[in-house]
Amino acid sequence: MAKDSTAKPVYILGISCYYHDASAALLKDGVVVAAAEEERFTRKKHDTSFPLHAARYCLESQGIAITDVSYVGFYEKPFLKMERVLSQHLEMFPRSLKTFLSAVPSWISEKLRVPKAIRRKLGHKKGVLFVEHHLAHAASAFLVSPFSEAAIVTVDGVGEWTTTTYGVGRGNDLTLLKEIVFPHSIGLIYSTITAYLGFSVNNSEYKVMGLAPYGNMNPDTNEYYHKLRRVVDIKEDGSYRLDMSYFTYHYADRMPSGKLCALLGGPATKKGAEMAKRHQDIAAAVQLLTEEILTKILIHVRKETKQENIVLAGGVALNSVYNGKILRKTGFRRIWIQPNASDGGTSIGVASYIHHMLLGNKRGYVMRDAYLGPSFTTTEIKGFLDKRGIKYSEFKNEKEMIENTAKLIYGNAVVGWLQLGMEWGPRALGARSILANPCNPEAKELLNTKVKHREKFRPFAPAVCEDDALTYFDCDEPIPEPTDFMLMVYPVRKKWQKAIPSVTHVDGSGRLQTVRREQNPRYYDLIKAFGKLSGVPILINTSFNIRGEPIVCTPHDAYKCMMGTGIDYLVMDRFLVCREDNPKDMWDSEKYAED
Amino acid sequence: MSQGTALAFLKGCREGMHLFGQNIALIINTILLTAVYVLGVGMTSLIAKMAGRHFLETRMKKGEKESYWKDLNLGKKAVDEHYRQF
Chain A
20 MAKDSTAKPV YILGISCYYH DASAALLKDG VVVAAAEEER FTRKKHDTSF PLHAARYCLE
80 SQGIAITDVS YVGFYEKPFL KMERVLSQHL EMFPRSLKTF LSAVPSWISE KLRVPKAIRR
140 KLGHKKGVLF VEHHLAHAAS AFLVSPFSEA AIVTVDGVGE WTTTTYGVGR GNDLTLLKEI
200 VFPHSIGLIY STITAYLGFS VNNSEYKVMG LAPYGNMNPD TNEYYHKLRR VVDIKEDGSY
260 RLDMSYFTYH YADRMPSGKL CALLGGPATK KGAEMAKRHQ DIAAAVQLLT EEILTKILIH
320 VRKETKQENI VLAGGVALNS VYNGKILRKT GFRRIWIQPN ASDGGTSIGV ASYIHHMLLG
380 NKRGYVMRDA YLGPSFTTTE IKGFLDKRGI KYSEFKNEKE MIENTAKLIY GNAVVGWLQL
440 GMEWGPRALG ARSILANPCN PEAKELLNTK VKHREKFRPF APAVCEDDAL TYFDCDEPIP
500 EPTDFMLMVY PVRKKWQKAI PSVTHVDGSG RLQTVRREQN PRYYDLIKAF GKLSGVPILI
560 NTSFNIRGEP IVCTPHDAYK CMMGTGIDYL VMDRFLVCRE DNPKDMWDSE KYAED
Chain B
282 MSQGTALAFL KGCREGMHLF GQNIALIINT ILLTAVYVLG VGMTSLIAKM AGRHFLETRM
342 KKGEKESYWK DLNLGKKAVD EHYRQF
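First to last, the sequence lines map onto chains A and B. The opening position of the first sequence corresponds to residue 20 in this note's numbering, with each subsequent residue numbered one higher. The opening position of the second sequence corresponds to residue 282 in this note's numbering, with each subsequent residue numbered one higher.
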């Protein structure tokens with residue numbers, strides 16, 4: 020039956036907050052029309068607070084009021100989570116006093132009052148639908164994936180009780196079949212080692228992943244891997260259990276126990292300390308352990324579900340180093356991961372769950388790009404530049420813009436790039452990016468020290484047009500779609516490693532982003548234009564922010580970031596701003612750079 | 282004293298009182314929550330432990346089980362069940 024074109028659209032708002040990466044997402048008749056994380060508006064990285072700004076943006080982007088929204092969904096069941104927290108205190112009394120005192124006030128004031136917060140802050144008078152955390156994760160991946168059938172695996176730190184699940188999705192339905200529950204968690208092992216290495220938890224796990232290739236990635240000879248293996252009992256079906264005497268996260272705020280520190284040969288590393296060979300080997304060990312567990316899980320899930328497609332969700336699904344190995348190691352033929360696979364992405368999950376599973380609507384939407392955040396018109400950007408008295412120039416046309424920007428990058432300038440809607444998820448994908456020349460051997464150090472103010476060991480990502488990717492990278496074929504979201508690491512082909520030193524990691528790999536023209540034509544054309552000049556159609560693409568800050572959202576954020584760093588030019592829509600032309604607004608961001 | 286100085290003084294007083302109130306609230310909360318923790322959580326925990334009840338599976342005995350997967354079967358439920366927070 021044809022759909023009545025005059026029928027009012029059904030809007031569903033998904034909300035995720037109060038743990039990390041608060042976000043809001045809006046579905047219109049099953050299509051994700053807007054989604055954003057709260058941190059981009061409040062400028063507090065990993066902001067946990069109620070996503071008021073993000074929700075307002077979602078509504079304003081469609082020109083609707085909250086009264087037009089039919090359903091509001093929340094990404095977990097707060098009382099089930101409270102039950103788990105209480106169980107931790109009951110089990111660990113009296114050692115959990117400190118965390119009890121710090122955690123309980125927020126439970127009383129906000130976490131158990133979600134409907135009230137939604138009613139008061141958004142004015143939503145109807146009820147709120149609550150969906151289990153891992154169900155929201157699973158829905159956030161499968162229901163927006165290109166697959167009609169797939170196996171589903173969700174792995175994160177912890178939801179209510181669950182830390183790892185697997186199941187199957189078919190059509191507009193999915194079921195999670197098995198689980199592993201708290202305190203046993205791959206995500207929390209990784210976070211514990213992150214804390215042990217002096218990095219911040221729920222923020223810097225990707226740094227450990229970047230550090231690992233500097234260490235010994237051979238499981239036979241890495242002594243720390245063998246030590247960590249004692250901490251976990253892993254079954255052939257991938258299920259696992261931790262020896263909790265090595266951990267304290269179930270009752271304290273510091274994660275490795277004294278026993279784990281002794282096992283790893285010393286106390287936890289101080290924040291900001293230099294990473295020695297030992298630290299690199301420990302990072303390699305936890306990466307190896309994670310890969311071993313995940314491989315066993317995925318092989319088991321493939322066997323149990325007999326599916327050829329796999330979708331992954333949860334924070335562990337952001338482990339792009341492992342993601343690039345999945346198809347070669349596990350027997351699955353196709354893979355899908357949503358660009359915001361971590362908790363932030365569950366707002367899309369809960370909204371999709373309501374639309375497809377509760378309301379019974381068929382699927383018709385696939386997330387092909389991640390530009391779901393705020394965008395700015397030419398008039399708005401010009402208005403900002405004029406109002407602030409910023410010196411700028413305007414390109415005459417698209418061709419001039421692309422060619423001149425490519426020339427600037429080829430001349431080793433660092434360019435801030437603000438186009439389209441802001442990216443959904445933790446990766447900059449050519450809408451809020453800093454771009455540079457990957458052929459310049461100095462580019463990595465320049466970006467790490469003068470622009471991003473971050474650790475020297477951290478690699479930069481290459482952006483390449485999808486049709487050129489196989490020339491330069493040893494990708495799976497056909498190239499998996501999550502590569503578009505910078506979620507897969509693949510080897511750089513040996514022949515090209517020396518040509519693009521700034522995006523080739525120490526182990527010869529690159530966390531590439533493939534770009535299809537239909538996703539972002541300007542970005543695609545820019546990469547091609549740069550290729551004509553340099554002979555290598557690849558750009559360095561790193562997130563448009565300084566360390567410790569969220570990625571920029573508005574033209575104001577972008578301009579401020581440029582003026583505080585070593586970014587030479589800013590291209591916003593068709594406008595070019597040169598840092599040197601605006602000395603009055605220069606400032607030094609280095610002292611503000613922190614995790 | 283100029284009007285500006287007076288306003289700055291009043292603003293300082295207001296901020297000071299606010300900070301004072303926050304500190305008092307923190308102290309009272311800490312005392313009350315410690316009492317709840319010791320009497321509520323502590324007593325329940327002790328009684329449960331005496332009865333052999335555990336709230337978390339914190340012990341690992343290698344070879345104890347063939348698999349650690351637990352049945353979940355979590356999928357579509359009635360709409361009403363989703364209005365509950367548990």
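The beta carbon of each residue, even a glycine, is placed where N, CA and C say it ideally should be.
(message) My output table needs one value for residue 252(A): the three-state DSSP class, helix, strand or coil.
(response) Walking along the first sequence from the start, residue 252(A) turns up at place 233. Residue 252(A): strand per DSSP, three-state reduction.
(request) Would you check if the segment 333-348 of chain A and the segment 43-59 of chain A touch, i.e. whether three or more CB-CB distances between them fall below 8 Å? (result) no
(message) Distance check for residue 448(A) and residue 161(A), CA to CA, integer angstroms please.
(response) Within the first sequence, residue 161(A) is the residue found at index 142, counting from 1. Within the first sequence, residue 448(A) is the residue found at index 429, counting from 1. Distance between the alpha carbons of residue 161(A) and residue 448(A): 22 Å.
(message) Give me the residue from 490(A), 288(A), 104(A), 184(A) with the minimum Cα distance to residue 336(B).
(response) Residue 336(B) sits at position 55 when you count from the first residue of the second sequence. When each option's Cα is compared against that of residue 336(B), the closest is 104(A).
(message) With a threshold of 7 Å between beta carbons, is residue 303(B) in contact with chain A?
(response) What you label residue 303(B) is simply residue 22 of the second sequence in a count that begins at 1. For residue 303(B), the answer is no, since every Cβ of chain A falls outside 7 Å of its Cβ.
(message) Given a cut-off of 7 Å on the beta-carbon distance, is the pair residue 57(A) and residue 39(A) in contact?
(response) If you number the first sequence from 1, residue 57(A) lands on position 38. If you number the first sequence from 1, residue 39(A) lands on position 20. It is not a contact, given that the beta carbons lie outside the stated cut-off.
(request) Report yes if the C-beta of residue 297(B) is less than 6 Å from at least one heavy atom of the ligand MG; otherwise report no. (result) For the structure depicted, the ligand MG is absent and the ligand set is empty, with no information on it obtainable.
(message) Quick check on this structure: which residue in 523(A), 327(A), 144(A) has the alpha carbon closest to the alpha carbon of residue 456(A)?
(response) Residue numbering aside, residue 456(A) sits at position 437 when the first sequence is read from its first letter. Residue 456(A) has its Cα closest to that of 523(A), out of 523(A), 327(A), 144(A).
(request) Keeping to the same chain, check which residues put their C-beta closer than 7 Å to that of residue 383(A); ignore five residues upstream and five downstream. (result) If you number the first sequence from 1, residue 383(A) lands on position 364. For residue 383(A), where only same-chain residues beyond five positions count, the Cβ hits under 7 Å are 49.
(request) Using a Cβ cut-off of 8 Å, pull out every chain C residue sitting near residue 320(B), in sequence order please. (result) Absent from the structure is chain C; the protein chains it does hold are A and B.
(request) Could you tell me whether the Cβ of residue 363(B) comes closer than 7 Å to any Cβ of chain A? (result) Numbered from its first residue, the second sequence carries residue 363(B) at position 82. It does: the Cβ of residue 363(B) has a partner Cβ on chain A nearer than 7 Å.
(request) For residue 264(A), I'd like the list of residues in its chain whose CB is within less than 7 Å of its CB, leaving aside the five on either flank, ordered along the chain. (result) The residue you call residue 264(A) lines up with position 245 of the first sequence. Excluding residues within five positions, the ones whose Cβ falls inside 7 Å are 276, 278.
(request) Using a Cβ cut-off of 7 Å (strictly closer), state whether residue 288(B) contacts chain A. (result) Within the second sequence, residue 288(B) is the residue found at index 7, counting from 1. Chain A contact via Cβ: absent.
(request) Could you name the residues of the segment 191-207 of chain A whose beta carbon sits closer than 8 Å to any beta carbon of chain B, in the order they occur along the chain? (result) 192, 193, 194, 195, 196, 197, 198, 199, 200, 201, 202, 203
(request) On a CA-only basis, which of 80(A), 93(A), 151(A) is nearest residue 353(B)? Give me that one, please. (result) Position 72 of the second sequence, counting from 1, holds the residue named residue 353(B). Selected option, being the one with the closest Cα: 151(A).
(request) Provide the residue(s) that pair with residue 338(A) in DSSP beta bridges, ordered along the chain. (result) Here residue 338(A) refers to the residue found at position 319 when the first sequence is read from its first residue. DSSP, once it has assigned bridges, lists no residue as partnering residue 338(A).
(message) Quick check on residue 430(A): buried or exposed, where buried means 16 or more other Cβ atoms within 10 Å of its Cβ?
(response) Within the first sequence, residue 430(A) is the residue found at index 411, counting from 1. Exposed, because fewer than 16 other Cβ atoms sit within 10 Å of the Cβ of residue 430(A).
(request) Could you pull out every residue in the same chain whose Cβ sits closer than 6 Å to the Cβ of residue 502(A), ignoring the five residues on either side in sequence? (result) By 1-based counting over the first sequence, the position of residue 502(A) is 483. The residues are 533.
(message) Residues of the segment 112-123 of chain A in Cβ contact with chain B at a cutoff of 9 Å, in chain order, please.
(response) 112, 113, 115, 116, 119, 120, 123
(request) With residue 193(A) as the anchor, note down where its beta strand (DSSP E) starts and where it stops. (result) Residue numbering aside, residue 193(A) sits at position 174 when the first sequence is read from its first letter. First-last of the beta strand (DSSP E) with residue 193(A): 192-200.
(request) Return the chain-ordered list of same chain residues with a C-beta closer than 8 Å to the C-beta of residue 215(A), the five sequence neighbours on each side being excluded. (result) Taking the first residue of the first sequence as 1, we reach residue 215(A) at position 196. Excluding residues within five positions, the ones whose Cβ falls inside 8 Å are 274, 275, 279, 280, 283, 287, 288, 301.
(request) Would you kindly work out how many angstroms separate the C-alpha atoms of residue 230(B) and residue 377(A), rounded to a whole number? (result) There is simply no residue 230(B) to check, as chain B begins at 282 and stops at 367 in what is shown.
(message) Can you tell me where the alpha helix (DSSP H) holding residue 369(B) begins and where it ends?
(response) This structure does not reach residue 369(B), given that chain B is present from 282 up to 367, and the question cannot be answered.
(request) Tell whether a beta-carbon distance below 7 Å holds between residue 326(A) and residue 234(A). (result) Working through the first sequence from its first residue, we reach residue 326(A) at position 307. Working through the first sequence from its first residue, we reach residue 234(A) at position 215. In this structure, residue 234(A) does not lie closer than 7 Å to residue 326(A) by Cβ.
(request) Note down, in chain order, each residue of its chain lying with its Cβ closer than 6 Å to the Cβ of residue 353(A), except the 5 sequence neighbours on either side. (result) If you number the first sequence from 1, residue 353(A) lands on position 334. Excluding residues within five positions, the ones whose Cβ falls inside 6 Å are 328.
(request) Closer than 7 Å by beta-carbon distance: list the chain A residues that pair up with residue 323(B), in chain order. (result) Mapped onto the second sequence, residue 323(B) falls at position 42. 112, 113, listed in chain order.
(request) Mind reading off the beta-carbon distance from residue 269(A) to residue 339(B)? Whole number of angstroms is fine, and I expect it under 8 Å. (result) Counting from one through the first sequence, the residue named residue 269(A) turns up at place 250. Counting from one through the second sequence, the residue named residue 339(B) turns up at place 58. Yes, they are in contact, since the Cβ atoms of residue 269(A) and residue 339(B) sit about 7 Å apart, within 8 Å.
(request) Using the Cα positions of residue 101(A) and residue 439(A), report the straight-line distance between them to the nearest angstrom. (result) Here residue 101(A) corresponds to residue number 82 of the first sequence, with the count starting at 1. Here residue 439(A) corresponds to residue number 420 of the first sequence, with the count starting at 1. Their backbone Cα atoms lie some 40 Å apart in a straight line.
(request) Starting from residue 351(B), find everything on chain A with Cβ-Cβ shorter than 8 Å and list it in chain order. (result) Here the question's residue 351(B) lines up with position 70 in the second sequence. In chain order: 197, 198, 199, 200.
(request) Using a Cβ cut-off of 7 Å (strictly closer), state whether residue 69(A) contacts chain B. (result) Counting from 1 along the first sequence, the entry for residue 69(A) is found at position 50. So, not an interface residue.
(message) Less than 6 Å between C-beta atoms, sequence neighbours within five positions excluded: which residues of the same chain meet that for residue 128(A)?
(response) Against the first sequence, residue 128(A) aligns to sequence position 109. Correct list: empty, nothing qualifies.
(request) Confirm, please, whether the CB-CB distance from residue 203(A) to residue 154(A) is below 7 Å. (result) In the first sequence, the residue the question calls residue 154(A) occupies position 135. In the first sequence, the residue the question calls residue 203(A) occupies position 184. The answer is no: Cβ separation not under 7 Å.
(request) Please say whether residue 90(A) and residue 67(A) have beta carbons closer to each other than 7 Å? (result) On the first sequence, position 48 is the one that residue 67(A) refers to. On the first sequence, position 71 is the one that residue 90(A) refers to. No, these two residues do not count as a Cβ contact at 7 Å.
(message) Here's the rule I'm using: 16 or more other beta-carbon atoms within 10 Å means buried, otherwise exposed. How should residue 267(A) be labelled?
(response) What you label residue 267(A) is simply residue 248 of the first sequence in a count that begins at 1. Looking at its Cβ environment, which holds 16 or more other Cβ atoms inside 10 Å, residue 267(A) is buried.
(message) Buried or exposed, going by whether 16 or more other CB atoms sit within 10 Å of the CB of residue 357(A)?
(response) The residue given as residue 357(A) occupies position 338 in the first sequence. Residue 357(A) should be labelled buried.
(request) Tell me whether residue 632(A) is buried or exposed, calling it buried when 16 or more other Cβ atoms sit within 10 Å of its Cβ. (result) A question about residue 632(A) goes unanswered here, because the residues of chain A that appear run from 20 up to 614.
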